[in-house]
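Reading the sequence shown from the start, the letters are residues 1 to 349 in this note's numbering.
In this text, a Cβ means the ideal position worked out from N, Cα and C, and glycines have one as well.
Written out below as structure tokens is the structure these notes cover.
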Amino acid sequence: MTAQHAKAATMVAQQAQLDAGTIEGWLPRSCLIYVTDTRYLPLTLTSLLTASRTMPASMDAIIYLDDVPAPVRDEAMAFLRDWGVPAHLIDFEIDSLFTDTARIPLWREGISRAGFARLGLCAAPDGYETHVVLDGDTLVGGDMTELVSVRPTTFAAVRSSHSRKGWEYLYCDRGMPIARDYFNAGLMVINASMWRDEGIAARCMSLVEDRSTDGLLDRPMRDQEILNLIFGNTFHRLNPNWNFMPKRSWDRPKVEPSIVHFAGRTCPWDRRDSRSLPVFRQIYEETFARMPKALTPATEALALSDRNLRRARRFRPWLGRANRDYRKAWNPGHASMVAHWASRLPWYN
């Protein structure tokens with residue numbers, strides 16, 4: 001190596017060290033927010049375990065708890081502490097967010113009022129510039145530092161794969177121009193000042209309690225649809241790998257996700273669900289086995305229903321695309337891209 005090449009190599013090495021040492025100073029003060037009830041608390045804790053591995057020092061974790069008994073909350077805090085994951089677990093009263101909780105449209109089993117409550121809690125924590133709001137039915141494999149560095153001026157999310165027919169009714173039935181796009185709210189990156197200054201929480205709460213259009217719709221609106229009414233035309237589009245769902249595993253089998261989202265019927269927390277990849281089932285099984293006894297009823301309640309179990313058993317991984325409704329299951333050919341995820345759990349480090 002010539003002296004000139006050696007000098008260039010040294011400069012590159014110094015620059016790499018500088019980048020690693022100063023990147024924290026460039027990042028916004030941020031928080032990772034979950035909103036959950038007792039039923040989904042085990043999923044939320046698992047998601048946070050996987051996210052904590054790459055969260056920057058400038059990012060805090062906050063879990064808002066809807067009607068979670070104090071003993072369960074305390075044991076959940078101890079569980080996270082034992083595995084070196086700092087987090088704030090905060091009880092909230094849902095009556096403080098809605099003028100009439102009876103108007104929250106819980107129109108079928110599986111719809112949680114915690115999902116609507118997060119509309120009022122997205123910007124609740126003070127002292128943070130960027131709020132990352134994440135559903136509990138997720139696992140994080142990517143670098144959270146990269147996500148926080150997005151710093152949206154308003155609101156960022158991943159475009160949904162739903163066809164236009166699946167969401168255009170939101171606008172037609174309200175006499176509004178149809179938005180050009182639709183996002184999935186399983187992951188949201190929010191500029192906290194914008195959310196407060198524009199009164200987004202109050203607008204969301206008003207739409208939740210406005211049931212005047214129920215007769216025009218097939219069903220009441222969910223929290224995601226309410227957010228799309230507000231941000232459908234203006235949201236910043238994140239890379240789809242930040243909200244990676246089963247369908248994308250068939251379209252991009254050679255791409256490693258940053259966050260996987262199990263929205264829909266797949267339930268990797270039930271080891272009998274062959275529609276999910278083995279590594280995802282392993283992560284939940286190992287995590288649930290280490291959870292305190294106070295959470296055992298919640299983990300048991302997450303088991304597949306008889307109907308969904310029958311659907312799961314009809315899926316044959318070795319048949320791939322020959323399976324009926326194969327896009328509602330995870331592509332078995334995608335397994336190699338995420339096989340190492342289980343090794344990132346804290347008990348392996």
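Original post:
Excluding sequence positions up to five away, which residues of its chain have a Cβ less than 6 Å from the Cβ of ALA342?
Top reply: VAL279, GLN282, ILE283
Original post:
Under the DSSP definition of a beta bridge, which residues are partnered with ASP37?
Top reply: ASP66
**OP:** Out of GLY84, ASP74, ASP270, ALA102, state which residue places its alpha-carbon closest to the alpha-carbon of ASP91.
**Re:** ASP74
Original post:
Using DSSP with H/G/I as helix, E/B as strand and the rest coil, what is PHE92?
Top reply: strand
Original post:
Do you know offhand how far ARG344's Cα is from VAL338's?
Top reply: 11 Å
Original post:
Going by the beta-carbon positions, is the gap between CYS267 and ILE200 smaller than 9 Å?
Top reply: no
**OP:** Can you say whether GLY232 is buried or exposed, counting buried as having 16 or more other CB atoms within 10 angstroms of its CB?
**Re:** buried
**OP:** Note down, in chain order, each residue of its chain lying with its Cβ closer than 8 Å to the Cβ of LEU187, except the 5 sequence neighbours on either side.
**Re:** VAL132, VAL133, LEU134, ASP135, THR138, ALA157, VAL158, LEU238, TRP242, ASN243, ILE259, HIS261
Subject >> Distance, ARG103 Cα to ARG203 Cα >> reply: 15 Å
Original post:
For the ligand NAD, is there a heavy atom less than 8 Å away from the beta-carbon of GLY141?
Top reply: Looking for the ligand NAD in the displayed structure turns up nothing, as the structure carries no ligands at all.
Original post:
Looking at C-alpha atoms only, which residue of ARG118, PRO152, MET205 is the closest neighbour of MET194?
Top reply: PRO152
Original post:
What residues are listed by DSSP as bridge partners for ARG237?
Top reply: ALA157
Original post:
Between ARG324 and THR154, what straight-line distance do the alpha-carbon atoms span, to the nearest angstrom?
Top reply: 40 Å
**OP:** Give the straight-line distance between the Cα atoms of PRO240 and ALA263, rounded to the nearest whole angstrom.
**Re:** 14 Å
Subject >> Delimiting residues of the alpha helix (DSSP H) encompassing ASN191 >> reply: Premise fails: ASN191 lies in the beta strand (DSSP E), 183-191, not in any alpha helix (DSSP H).
Original post:
Span of the beta strand (DSSP E) holding VAL140?
Top reply: 138-140
Original post:
Starting from VAL148 and walking both ways along the alpha helix (DSSP H), at which residues does that stretch end?
Top reply: 144-148
**OP:** Kindly indicate which three-state DSSP category SER258 falls into: helix, strand or coil?
**Re:** coil
Subject >> 7 Å Cβ shell around ASN349 - same chain, five flanking residues per side excluded >> reply: none
Original post:
Quick one, which of VAL72, SER206, LEU41, ARG29 has its alpha-carbon nearest PHE98's?
Top reply: SER206
Original post:
Can you give the Cα-Cα distance for ASN191 and VAL208, rounded to whole angstroms?
Top reply: 22 Å
Subject >> Best match in ARG316, ALA322, PRO42, SER276 for proximity to GLU300 [C-alpha to C-alpha] >> reply: PRO42
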